[in-house]
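Below is one structure, written out as structure tokens, with a few remarks after it.
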Amino acid sequence: MKSSFFFRFSSLLVLLLSILLNSSPACAAEQKSGSLEITNLQVGFDGLYKVGRWVPVYLELTTDSPRDVQLSVIARSPDGNPTEVPSQVYSLKTPGTHRLFSKFKTGLLDSPLKVRLRDAQTQSILKEFSFTPRSNQNQFTGIGLKQSVELWAMIGSVAGLEPVSPDSLSDLDRNRDEYAALIEDQSSLPESPYGYDTLDTLVVDADFSQEPRQNEAIRKWVANGGHLALCVGADIEAYQQSQYASWVPVKTLGTTSVRDLSSLELYAAVRSRIRGVATASRIEISTGEILATGLDGPLLVRVPYGLGIVTFLALDL
Numbered sequence: 017m018k019s020s021f022f023f024r025f026s027s028l029l030v031l032l033l034s035i036l037l038n039s040s041p042a043c044a045a046e047q048k049s050g051s052l053e054i055t056n057l058q059v060g061f062d063g064l065y066k067v068g069r070w071v072p073v074y075l076e077l078t079t080d081s082p083r084d085v086q087l088s089v090i091a092r093s094p095d096g097n098p099t100e101v102p103s104q105v106y107s108l109k110t111p112g113t114h115r116l117f118s119k120f121k122t123g124l125l126d127s128p129l130k131v132r133l134r135d136a137q138t139q140s141i142l143k144e145f146s147f148t149p150r151s152n153q154n155q156f157t158g159i160g161l162k163q164s165v166e167l168w169a170m171i172g173s174v175a176g177l178e179p180v181s182p183d184s185l186s187d188l189d190r191n192r193d194e195y196a197a198l199i200e201d202q203s204s205l206p207e208s209p210y211g212y213d214t215l216d217t218l219v220v221d222a223d224f225s226q227e228p229r230q231n232e233a234i235r236k237w238v239a240n241g242g243h244l245a246l247c248v249g250a251d252i253e254a255y256q257q258s259q260y261a262s263w264v265p266v267k268t269l270g271t272t273s274v275r276d277l278s279s280l281e282l283y284a285a286v287r288s289r290i291r292g293v294a295t296a297s298r299i300e301i302s303t304g305e306i307l308a309t310g311l312d313g314p315l316l317v318r319v320p321y322g323l324g325i326v327t328f329l330a331l332d333l
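Numbering (the working numbering), first residue to last: 17 to 333.
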């Protein structure tokens with residue numbers, strides 16, 4: 017039986033094929049204090065995360081002097097007790113703007129959250145931001161979702177996959193069974209595999225320019241059981257020059273013009289015939305499963321990587 021992801025992926029293919037037929041912050045927090053300025057505070061992905069999984073926290077700290085700091089998050093355990101998880105110690109040896117990451121895990125859907133910046137030596141609190149469900153005084157957004165729902169994140173817009181709007185999270189429909197977040201600022205991508213634990217699927221379409229540490233974190237996340245979906249059509253040169261090409265077990269051989277997409281139509285349960293030409297990457301796999309194929313080779317494959325899965329679509333969504 018296909019997983020819920022592949023049912024959803026099928027619906028995306030339906031929209032892609034339909035297009036071919038027809039055409040051939042999380043609430044960002046800011047706070048200043050003397051020589052400290054904190055901006056772009058983000059929890060989860062666009063303010064969403066799944067309860068019971070590790071959740072990324074990111075902020076930008078601007079300082080005019082050297083500092084040793086730690087970022088920590090206070091959340092509630094399943095029995096309601098507050099727990100504080102500290103980050104590594106950041107030794108900021110030069111003035112300027114620095115990126116800080118941390119993580120936390122909560123056991124309650126409506127857990128209040130506190131994000132603290134501490135002096136690493138004295139442990140004094142330099143800054144503190146808070147979020148309380150249903151409050152109008154929140155300084156950032158952090159909404160916990162049930163384990164049973166699916167949470168996707170997208171690098172690059174994907175046709176047919178509508179991301180949540182960070183500005184309307186207060187009115188979020190909690191009865192949905194899937195949510196998607198659009199990553200517009202790639203500098204906020206976690207640099208640890210734990211930062212992706214809250215996601216069910218990460219979709220990368222067209223933009224493969226993540227920094228090496230971020231790409232390595234994604235690789236380890238997939239190896240530990242994550243699900244990465246890559247869409248590589250006309251942008252094959254950018255993909256081949258990216259870090260993904262060094263570890264994703266799909267061989268790319270160039271591009272080709274595809275007229276027959278009947279295999280994708282069958283997989284996506286599309287009744288209409290495709291007219292026109294699509295640019296696809298030519299791919300080969302030595303292991304895994306071919307889900308759809310064209311006259312020149314596979315168009316959609318699913319391959320294992322460690323404990324995880326990479327889904328590779330040889331077209332742009």
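Every residue gets a Cβ at the ideal spot worked out from N, C-alpha and C, and that includes glycine.
Item                                                                                                : Value
DSSP state of Asn240 mapped onto helix, strand, coil                                                : coil
N-terminal and C-terminal residue of the beta strand (DSSP E) that Ile159 is part of                : Ile159 to Leu161
Thr78 to Pro111 span [Cα, whole Å]                                                                  : 7 Å
Integer-rounded CB distance, given that Val248 should sit under 8 Å from Ser297                     : 5 Å
Where Ser49 falls: helix, strand or coil (DSSP)                                                     : For Ser49, the predicted structure reports a pLDDT of 47, less than 50, and the residue's modelled location is therefore unreliable. A value from the coordinates is still provided. Three-state DSSP puts Ser49 in a strand.
8 Å Cβ cutoff met for Arg134 and Glu76                                                              : no
Which of helix, strand or coil DSSP assigns to Asn231                                               : helix
DSSP state of Ser39 mapped onto helix, strand, coil                                                 : Reliability of the predicted coordinates at Ser39 is poor, the pLDDT of 39 falling under 50, and no value is obtained from them.
Helix, strand or coil at Leu198 [DSSP, three-state]                                                 : strand
Close Cβ partners of Asp216 (< 6 Å) along its chain, the five nearest in sequence each way excluded : Glu166 and Leu167
Simplified DSSP state of Asp183, which is helix, strand or coil                                     : helix
Local Cβ density within 10 Å of Ser118, reported as buried at 16 or more and exposed below that     : buried
One or two residues paired with Pro102 in a DSSP bridge                                             : Ser88
Ile252 in three-state terms, based on DSSP                                                          : helix
Backbone secondary structure at Ala136 - three-state DSSP                                           : coil
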